[in-house]
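Structure, as structure tokens:
Residue numbers (the working numbering), protein chains in the order written: chain A, 1 to 205; chain B, 1 to 330.
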């Protein structure tokens, strides 16, 4: 058991470096000017997609633990969750600073009027307190409430996939495939939790 | 039709050339400053210099055309490479990189166009017949996509109205309908029911007769590559890009407003008129501003522009829509 724990601790710097690789590639492409004809759209798409991937990876750890019986999965949860927040923040910064730069009045109107922007902003706002309370100290201080607070990640996940689904042209069957795949993965990860929730309710009753 | 008045270029549209040519340098300098401090500027500069010279165009044949049209904008054109690799042409796939990649089998020669409907002269005409009596003109136009990005493209073509008049439309011809070619073997995107194929578009006849509307056969001094709508496409610069139908095989003079592809697919999002209008949002995104595909390699900042009514061609075409509620007729 002790050896296994060491293996996890040992693996973490590698996971951390791997999680930064997408950012490194984006920076390299930005500096070299090889992001394609619409580089800002490419940055927005890539940072958003990585935020969603890390969020789904985070949500996959609990079902993985139940399925495999190996508790070690959970020890990667905070790091992956924080990377989801990191890429979501980059996504927001690219949109607000690089893309909208100077046209911020438009942003306020869009947050209120455009459901996909509303959903995206909501997802990010939910991730903020989760990131802030991700430390060991905060976990201890919040006790049972920490668990309840962090259940908000399900709402963030739902808002994130809606944010993606809402902006595709629904005429384009093929363009819809990618957001539908993410939505499908999200729903599978949610469904995987249902048996445990039902068991918990029965135990409580 | 009102007599032609040369467009007035608002002074806001004119950037002093010295500032214009240096704008990327200024921004680049700002962004590379940290790299400079880190001592790796030499490498980055060398790479940027290597990426800078434009690759020789690889498509089509050179075309000669008269230049200096008073309708041409003086804004800096988008890079040819970007305009020919970033295309919405769903018959070749829905990703913007697809059309350039998957259109290799497309044959734009020989080509003929069927002229039908409410006109005295109808029938099938070869592309050569269509073009013969006309002089090719270069027109540098802004292109505004409904997805809120834009380009500046030097088209080569002929005024649409000049061609249409040759077929002597009758008094019943109130609209002009256009149809794109549909060749499953050459256009892989047609396998998917993305839209109700073939792609169709249409204009009111007075819109079609407006001197700004052209049929293009080339861009950047060469014939059109397939991904840009070879060999013959419409360019209506005051309307969203999807109105400018590509690879036209049929032109129909009609009495009734023709069905158009995106309107059939999602009528609440895409109207028949589709005039560029910053005040009428797409249901899911704002049309108030646009991102210019400026294209000189390093273009992350400063590309968002205010979208202008009728894409900046209001002075020329505004009178076509006098009395029309543009909010309802989007």
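Even for Gly, the Cβ is constructed at its ideal location relative to N, Cα and C. All values derive from a computational prediction rather than experimental measurement.
Residues near residue i by beta carbon distance below 6 Å, same chain, minus five either side
i	result
residue 281 of chain B	287
residue 206 of chain A	No answer is possible for residue 206 of chain A: the residues shown for chain A start at 1 and end at 205.
residue 202 of chain B	175, 177, 258, 260
residue 138 of chain B	65, 67, 154, 156
residue 235 of chain B	155, 214, 216, 244
residue 182 of chain B	197, 198
Selection from the options that minimises the alpha carbon distance to residue i
i	options	result
residue 179 of chain A	A:52, A:11, A:39, A:40	A:52
residue 303 of chain B	B:250, B:62, B:76, B:270	B:76
residue 103 of chain A	B:224, B:314, B:305, B:86	B:305
residue 241 of chain B	B:61, B:132, B:150, B:121	B:150
residue 107 of chain B	B:219, B:247, B:142	B:247
residue 200 of chain B	B:264, B:237, B:143	B:264
residue 145 of chain B	B:132, B:266, B:239	B:239
residue 271 of chain B	B:325, B:122, B:329, B:117	B:329
residue 60 of chain A	A:74, A:49, A:167	A:74
residue 331 of chain B	B:82, B:117, B:92, B:326	Nothing can be reported for residue 331 of chain B: it is not among the residues displayed for chain B, which extend from 1 to 330.
residue 290 of chain B	A:106, A:136, A:147	A:106
Under the three-state DSSP convention, the category residue i falls into
i	result
residue 183 of chain B	coil
residue 165 of chain B	helix
residue 66 of chain A	helix
residue 178 of chain A	helix
residue 111 of chain B	coil
residue 11 of chain A	helix
residue 303 of chain B	coil
residue 263 of chain B	helix
residue 238 of chain B	coil
residue 25 of chain A	helix
residue 251 of chain B	strand
residue 275 of chain B	strand
residue 269 of chain B	coil
residue 90 of chain B	helix
residue 191 of chain B	helix
residue 204 of chain B	strand
residue 293 of chain B	coil
residue 166 of chain A	coil
residue 135 of chain A	coil
residue 204 of chain A	helix
residue 129 of chain A	helix
residue 245 of chain B	coil
residue 226 of chain B	helix
residue 78 of chain B	coil
residue 79 of chain A	helix
residue 55 of chain A	helix
residue 138 of chain B	strand
residue 152 of chain B	strand
residue 210 of chain A	The requested residue 210 of chain A is not part of the displayed model; chain A covers only 1 to 205.
residue 210 of chain B	coil
Proximal chain A residues relative to residue i, where beta-carbon distance stays under 7 Å
i	result
residue 293 of chain B	37, 38
residue 300 of chain B	30, 39, 40, 98
residue 284 of chain B	114, 116, 166, 167
residue 288 of chain B	106
Contacts that residue i makes with chain B (C-beta to C-beta distance below 8 Å)
i	result
residue 99 of chain A	291, 304
Beta-carbon contacts of residue i that lie in its chain and below 7 Å, excluding the five residues immediately before and after
i	result
residue 335 of chain B	Residue 335 of chain B is absent from the structure shown; chain B starts at 1 and stops at 330.
residue 125 of chain B	112, 113, 115
residue 135 of chain B	66
residue 183 of chain A	161, 165
residue 185 of chain A	56
residue 59 of chain B	84, 222, 225
residue 77 of chain A	58, 61
Chain-ordered chain A contacts of residue i [CB-CB under 8 Å]
i	result
residue 149 of chain B	38, 41
Sequence-distant residues of its chain with Cβ nearer than 8 Å to residue i (five each side left out)
i	result
residue 161 of chain B	208, 209, 210, 211, 213
residue 194 of chain B	90, 94
residue 130 of chain A	81, 85, 149, 150, 152, 153, 156
residue 25 of chain B	In this predicted model, residue 25 of chain B has a pLDDT of only 46, less than 50, meaning its place in the structure is not dependable enough to derive any value.
residue 63 of chain B	136, 156, 217, 218, 221, 222, 223
residue 105 of chain B	185, 186
**Positions along the stretch 70-90 of chain B whose CB lies within less than 9 Å of some CB in chain A** = Flagged, chain order: 78, 79, 81, 82, 83, 85, 86, 90.
**Prompt:** Can you list, in chain order, the residues of the stretch 56-68 of chain B whose Cβ is nearer than 7 Å to any Cβ on chain A?
**Reply:** Going along the stretch 56-68 of chain B in chain order, one finds no residue with a Cβ nearer than 7 Å to chain A.
**Item:** the stretch 102-122 of chain A: positions lying closer than 8 Å to chain B by Cβ
**Value:** Sequence-ordered contacts of the stretch 102-122 of chain A with chain B read 102, 103, 106, 109, 110, 113, 114, 115, 116 [C-beta pairs closer than 8 Å].
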